[in-house]
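To start, the structure under review is shown below, and the notes come after it.
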């Protein structure tokens with residue numbers, strides 16, 4: 038229905054902007070792993086199409102970082118868990134769009150964006166390039182480098198999916214300030230190329246967000 042030259046051009050343009058949001062003016066704060074005998078500070082546990090999915094910073098060569106993403110006039114805040122093992126591209130990123138379409142003081146923007154409660158997954162209406170304030174995108178890369186995203190180029194948000202910040206706490210780590218969030222998640226992940234999908238269900242975890 039939407040497979041027209043104009044639609045494909047808009048879709049290609051949006052994917053470029055999505056990638057720009059990842060790589061342009063991106064400020065990264067690396068979080069050193071916690072001691073192995075302590076409860077992981079950053080982790081995600083879920084069911085991925087019937088297979089157990091567990092990433093914990095500081096365990097099995099996984100680490101975590103926060104990202105402040107500024108691209109053009111848009112801002113987003115990310116928490117990333119990734120493998121540092123050679124040849125393993127495993128990575129999951131939770132990217133929260135700023136609460137407004139303009140950028141203010143980073144710390145104030147973060148406080149206004151991250152709240153206890155439910156979030157909607159970002160999407161774009163066919164034929165447009167849209168950026169939705171206070172929406173969420175999950176970006177996932179498999180160990181062999183295949184990339185997926187919760188972002189759907191469709192007329193409506195994901196049906197039957199959910200994301201909740203269950204609790205929120207301001208903490209200090211390495212003399213820097215972060216928001217520690219307990220999360221619950223269920224979503225569909227769409228391959229960047231092709232039509233393959235993954236279903237992330239019964240997800241829970243704890244992530245950090247910051248502007249350092």
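In this note's numbering, the protein residues as written are 38 to 249.
Even glycine gets a Cβ: it sits at the ideal position worked out from N, Cα and C.
Fill in: Cβ neighbours of residue 239 in the same chain (closer than 8 Å, five flanking residues each side left out)
83, 84 and 223
Discussion item. Considering Cα atoms alone, identify which of 190, 196 and 133 is closest to residue 247.
Written reply: 133
Item to complete: Would you kindly check if the distance between the Cβ of residue 235 and the Cβ of residue 218 is under 8 Å?
Response: no
Item to complete: Give the range of the beta strand (DSSP E) segment to which residue 146 is assigned.
Response: First-last for residue 146: 143-150, but that is the alpha helix (DSSP H), not the beta strand (DSSP E).
Item to complete: Give the range of the beta strand (DSSP E) segment to which residue 204 is assigned.
Response: 199-210
Worksheet item: If we ignore side chains and look at the alpha-carbon of each, how far apart do residue 181 and residue 125 end up?
Response: 7 Å
Discussion item. Let me confirm a value: residue 154 is counted as buried when at least 16 other C-beta atoms fall within 10 Å, else exposed. Which label applies?
Written reply: exposed
Discussion item. Which residue wins for smallest C-alpha separation from residue 79, given the options 102, 87 and 86?
Written reply: 102
Discussion item. For a quick check, are the C-beta atoms of residue 109 and residue 177 less than 8 Å apart?
Written reply: no
Worksheet item: Around the C-beta of residue 89, are 16 or more other C-beta atoms found within 10 angstroms, so that it is buried, or is it exposed?
Response: exposed
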